[in-house]
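Enquirer:
Residue numbers (our numbering): 492 to 596.
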């Protein structure tokens, strides 16, 4: 479940999601990686207009290897090049919107 944080007037949400089962993602050079978990930092903006502020992925070159954050490896993985990953991100943004509405924030 997402963790909702309210610092002052600005509402953000940090979401860490373990991807089970792992999915294959491609970086901008076309190399394939295994994605194990994703971290999202979302900003609500005005109204219910959530935007992804920060996105990172725990990845490995092979299944069941040690996992690393893509920023440390210098690997760029874009959502528009990975439809399955983009779908996961959109699902979690929806969960955050729903939880925020239910909490009355």
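Yeah, the Cβ is synthetic: ideal placement off N, Cα and C, and Gly gets one too.
To which residues does DSSP link residue 548 through a beta bridge?
Expert: 529
Enquirer: Flag this pair as touching only if the segment 518-526 and the segment 535-547 have three or more C-beta atom pairs under 8 Å; answer yes or no.
Expert: no
Enquirer: Taking just the CA atoms, how far does residue 576 sit from residue 530?
Expert: Roughly 12 Å between the two C-alpha positions.
Enquirer: In whole angstroms, what is the alpha-carbon distance linking residue 552 and residue 584?
Expert: 27 Å
Enquirer: If you draw a straight line from the alpha carbon of residue 512 to that of residue 579, how long is it in whole angstroms?
Expert: 12 Å
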